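Asker: Have a look at this one.
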Amino acid sequence: MKGVCVLGSTGSIGVSTLDVLRLNKACYSVVALTANKNITRLLEQCVEFKPQYVVIPDDTLAAEFRILISSTPALCTEVLSGEKSLEQVTELSEVDIVVAAIVGAAGLLSTIAAAEAGKRILLANKESLVVSGDLLLSAVNKNNAELLPLDSEHNALFQCMPAGYRTGQKAEGIRKIILTASGGPFLNKTVNELKHVTIEQACAHPNWSMGRKISVDSASMMNKGLEVIEASFLFNLCATEIDVLVHPQSIIHSMVDYIDGSVLAQLGNPDMRTPIAHALAWPERQSSGVSALDLIVNNQLTFQEPSYERFPCLRLAFDALEAKGTAPAILNAANEVAVDAFLSDRIRFVEIPVVIEKVLQEMPITAAESIADVINIDAEARARAIAKVEAFK
Ligand code: NAD
Ligand code: MG
802 MKGVCVLGST GSIGVSTLDV LRLNKACYSV VALTANKNIT RLLEQCVEFK
852 PQYVVIPDDT LAAEFRILIS STPALCTEVL SGEKSLEQVT ELSEVDIVVA
902 AIVGAAGLLS TIAAAEAGKR ILLANKESLV VSGDLLLSAV NKNNAELLPL
952 DSEHNALFQC MPAGYRTGQK AEGIRKIILT ASGGPFLNKT VNELKHVTIE
1002 QACAHPNWSM GRKISVDSAS MMNKGLEVIE ASFLFNLCAT EIDVLVHPQS
1052 IIHSMVDYID GSVLAQLGNP DMRTPIAHAL AWPERQSSGV SALDLIVNNQ
1102 LTFQEPSYER FPCLRLAFDA LEAKGTAPAI LNAANEVAVD AFLSDRIRFV
1152 EIPVVIEKVL QEMPITAAES IADVINIDAE ARARAIAKVE AFK
């Protein structure tokens, strides 16, 4: 039995993770679950999975949850509160696997803590790698932790890497990697049409059902931009070794192009339970609940180039990767603020890249030596982005 801690268990990735754990009950015990706000869903999860601990960062909400737990028969889950508890549950000796599924840089410290505790980390929280790639990978290496990507593209790439490959290494014989992108809900919109898109339209992804932040990122293609940076750290490649290819059906999840002309791809129905089941069981295989891919039904696999003109966020991300240092952290923080402002109707969709670009232009690019540096840069970029959002009113 492997002990599992699911950070962000009430979100889209968290729920899919618990689906896979339910299906493979004999192999896993759920040690800890964490949630930010949705305590109704968290209680249902506690009743079913009986974790030893839950974390709810907010003290008041945690106190409310303690009452719910104590009035639920046969439940002795301990309720922890405070941000620090998110880190502490990853370090428990009963925990073998940490699923990092908090959204945004809010997941950074708990992911780092899991690395320092030498755990197997199933990384969905791409933002933590974007903001602190080198530091996170060195914590993984120093403490003999394992970093396995859950992001479907990176999980696909990992599966297509040579035998014995570990994340962070530079694999031999690779010409480039090809990250596929669905193109999101606005793939065929013109620059002019993009000026008038709504929050609901941005959150309605054609192929994947996901949290609201990543849905907006997919619509702006910042998600692909963040994934390019994520891939550069995970697979130790530079910007020129990473291609983005629009593939609207999301059946090929990404490809590795080898110097001998071989291109290896991983295919499957677009369902996050596949990469989750893979990374939980790796190097073994286990059921995920995902139906078999039918290529007669899915007999149109098409490809096109991404448009950097209609999706400036993708260009901003490539530029930040080339600039290196703190540029990706600034990009990420400004994006989180801009997406939040769009989701609360304070700026328009097309203003998201404008906010990010202005913040990137204002801040000098330095080298982050420590997580404390990253946190300072993140805070400064957020403050500047908030000022830019205000200016749009
Ligand atoms: P979501 O919004 O559905 O869930 C987010 C989870 O994080 C929730 O459990 C929430 O309680 C928790 N959370 C939010 N803010 C928090 C905070 N400040 N402190 C502590 N916990 C907090 O998001 P999601 O779609 O599940 O995405 C989670 C992560 O996985 C993101 O980084 C996303 O980019 C990545 N990811 C998601 C998908 C997907 O299909 N949903 C695919 C690839 C990668
Ligand atoms: Mg992805």
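Going by my numbering, the sequence shown opens with residue 802, and the numbers climb by one from there. The beta carbon of each residue, even a glycine, is placed where N, CA and C say it ideally should be. From a predicted model like this one, the values you see are computed outputs, not experimental measurements.
Sort L923, F1034, L1102 by Cα distance to S983 and report the nearest one.
Answerer: L1102
Asker: Decide yes or no for the touch test of the segment 927-939 against the segment 1089-1101: beta carbon pairs closer than 8 Å, at least 3 of them.
Answerer: no
Asker: How many Å lie between T818 and N1099 at the Cα?
Answerer: Taking the straight line from one Cα to the other gives about 26 Å.
Asker: Would you please state the rounded distance, in angstroms, between the beta carbons of K971 and L1115? I believe it to be under 8 Å.
Answerer: At roughly 24 Å, the Cβ-Cβ gap does not stay under 8 Å, so K971 and L1115 are not in contact.
Asker: Mind reading off the beta-carbon distance from V896 to G804? Whole number of angstroms is fine, and I expect it under 8 Å.
Answerer: 5 Å
Asker: At a cut of 8 Å, does the segment 1065-1077 reach the segment 1013-1023 through at least three beta carbon pairs?
Answerer: no
Asker: Tell me which residue opens and which closes the alpha helix (DSSP H) that K885 is part of.
Answerer: For K885, the enclosing alpha helix (DSSP H) stretches over residues 884-892.
Asker: Give every residue whose Cβ lies closer than 7 Å to any heavy atom of the ligand MG, listed in chain order.
Answerer: D952, S953, E954, N1024, E1028
Asker: Where does the unbroken beta strand (DSSP E) through I922 begin, and where does it stop?
Answerer: 921-924
Asker: Tell me whether L1027 sits in a helix, a strand or coil according to DSSP, three-state version.
Answerer: helix
Asker: Mind reading off the beta-carbon distance from L834 to P852? Whole number of angstroms is fine, and I expect it under 8 Å.
Answerer: 5 Å
Asker: By how many angstroms is the C-alpha of S1055 removed from the C-alpha of L1046?
Answerer: 9 Å
Asker: Which same chain residues end up closer than 6 Å to K1159 when comparing Cβ atoms and leaving out the 5 residues on each side of it in sequence?
Answerer: K1189
Asker: Would you kindly report the start and end of the unbroken alpha helix (DSSP H) that includes T841?
Answerer: 840-850
Asker: Nearer than 7 Å: is that true of the beta carbon of K1196 relative to any heavy atom of the ligand NAD?
Answerer: Nothing can be reported for residue 1196: it is not among the residues displayed for the chain, which extend from 802 to 1194.
Asker: In three-state terms, what does DSSP make of H955?
Answerer: helix
Asker: Who are S1088's beta bridge partners in DSSP?
Answerer: DSSP, once it has assigned bridges, lists no residue as partnering S1088.
Asker: Are the beta-carbon atoms of L937 and A901 separated by less than 8 Å?
Answerer: no
Asker: At the level of alpha carbons, what is the spacing between E1123 and Y1109?
Answerer: 16 Å
Asker: Go through the segment 968-1019 residue by residue and report every complete run of the beta strand (DSSP E) that reaches 3 residues or more, in order.
Answerer: 975-982, all fully within the segment 968-1019.
Asker: Can you look up G934 in the DSSP assignment and give me helix, strand or coil?
Answerer: helix
Asker: If I follow the unbroken alpha helix (DSSP H) through I1053, where does it start and stop?
Answerer: Run containing I1053: none in the alpha helix (DSSP H); it sits in the beta strand (DSSP E), 1053-1059.
Asker: Is L948 helix, strand or coil when you go by DSSP?
Answerer: Secondary structure at L948: strand, using DSSP grouped into helix, strand and coil.
Asker: How long is the line joining the alpha carbons of A916 and T991, rounded to whole angstroms?
Answerer: 43 Å
Asker: Check whether the Cβ atoms of L1038 and A1118 sit closer than 8 Å, and answer yes or no.
Answerer: no
Asker: Taking DSSP's pairing of strands, which residues face A901 in a bridge?
Answerer: L808, L924
Asker: Out of A1003, P963, I840, point me to the one whose CA is closest to F866's CA.
Answerer: I840
Asker: For a test of your reading of the model: does the CB of M1022 fall under 7 Å from any non-hydrogen atom of the ligand NAD? Yes or no.
Answerer: no
Asker: Do the segment 958-971 and the segment 1056-1064 make contact, defined as three or more Cβ pairs closer than 8 Å?
Answerer: The segment 958-971 is in contact with the segment 1056-1064.
Asker: Should A907 be listed as close to the ligand NAD, given that the test is whether its C-beta is under 7 Å from any heavy atom?
Answerer: yes
Asker: I need the DSSP call for V1156, collapsed to helix, strand or coil.
Answerer: Here V1156 sits in helix by DSSP.
Asker: Quick check: what's the CA-CA separation for F1143 versus Q1162?
Answerer: Here the alpha carbon of F1143 sits roughly 21 Å from the alpha carbon of Q1162.
Asker: Taking its Cβ as the centre, do 16 or more other Cβ atoms sit within 10 Å of E1137, making it buried, or is it exposed?
Answerer: It is buried - the Cβ of E1137 has at least 16 other Cβ atoms within 10 Å.
Asker: Consult DSSP for D1214 and reduce its assignment to one of helix, strand or coil.
Answerer: Residue 1214 is absent from the structure shown; the chain starts at 802 and stops at 1194.
Asker: May I ask whether a heavy atom of the ligand NAD can be found less than 7 Å away from the beta carbon of T835?
Answerer: True, at least one ligand heavy atom lies under 7 Å from that Cβ.
Asker: Which residue's Cα is closest to the Cα of P1113: I975, E1181, L995?
Answerer: L995
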